[in-house]
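Numbering-wise (my numbering), the sequence shown opens with residue 16 and increments by one.
Working notes for the structure below.
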Amino acid sequence: MNAMLVEIFENYYHHSLANFMEAMTDRELIFRASSLYEILHDEDEVNYALNKAMRVCNNCGLPIQEHFKAIYTAHCAEHSIELDWKLSKLAYVLSIVNGNPENPIVGKMQTELIKRLF
Numbered sequence: 016m017n018a019m020l021v022e023i024f025e026n027y028y029h030h031s032l033a034n035f036m037e038a039m040t041d042r043e044l045i046f047r048a049s050s051l052y053e054i055l056h057d058e059d060e061v062n063y064a065l066n067k068a069m070r071v072c073n074n075c076g077l078p079i080q081e082h083f084k085a086i087y088t089a090h091c092a093e094h095s096i097e098l099d100w101k102l103s104k105l106a107y108v109l110s111i112v113n114g115n116p117e118n119p120i121v122g123k124m125q126t127e128l129i130k131r132l133f
C-alpha cells in the first residue's frame, strides 16, 4: 500500500513540476511567427527564416524548446487548422535577420547589426 502511494505521489509531483517548468518557459515566448508575415511577406520566406534561426540556436547549444514552440490556430469559418510558432525575443530577431537579404527590412537589420558590432 505504501509503495502505491509513493508511486502516485511521484507521478503527480513530476507531472506538476514539468507543467510548471513549461509554463515558466512559455512566459518568454511572447512573439508569434505569424507576425513575421508583415516583414518577410510569404510563407516560404518565413519558414526558411525560422529554420535558419532554429539551426543557429542548435549550433550555439541553445535549447530549441526555450525559444520555439509549435502551436495550432483554428479558423472556424474556414474549417482549418494552421501551424504557428510562439517565439522568444531571440528567436524572433534571429528569424528576421535570417530572412531573405533582398528584403529591404532584412538587409537594413543585418547592416545595422554589423555596424553596431564594429
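For glycine and all other residues, C-beta sits at the position ideal for the given N, C-alpha and C.
Does the distance from the CB of L102 to the CB of S110 come in under 8 Å? yes
With a Cβ-Cβ cutoff of 8 Å, do G114 and A48 count as a contact? Judged by beta-carbon spacing, A48 lies beyond the 8 Å limit of G114, meaning their Cβ atoms are not closer than that value.
In terms of residue numbering, what span does the alpha helix (DSSP H) encompassing L132 cover? P119 to L132
Taking the alpha-carbon of L105 as reference, which of D41, R42, T40 and A68 has the nearest alpha-carbon? Proximity to L105 across D41, R42, T40 and A68 peaks at A68, based on C-alpha coordinates.
Straight-line CA distance for Q5 to R70? Here the chain covers residues 16 to 133 and nothing more, so residue 5 does not appear.
Which of helix, strand or coil DSSP assigns to R70: It is helical.
Need the endpoints of the alpha helix (DSSP H) that A89 sits in, please. Unbroken run through A89 is the beta strand (DSSP E), F83 to H90; no alpha helix (DSSP H).
Inspect the beta-carbon positions of L55 and N118 and report whether they are closer than 8 Å. yes
What's the C-alpha gap between R131 and V121? 15 Å
Have a look at I129 and P116 and give me their C-alpha separation to the nearest angstrom. 14 Å
Quick one: using the 10 Å Cβ neighbour count with 16 as the cut-off for buried, is F35 buried or exposed? exposed
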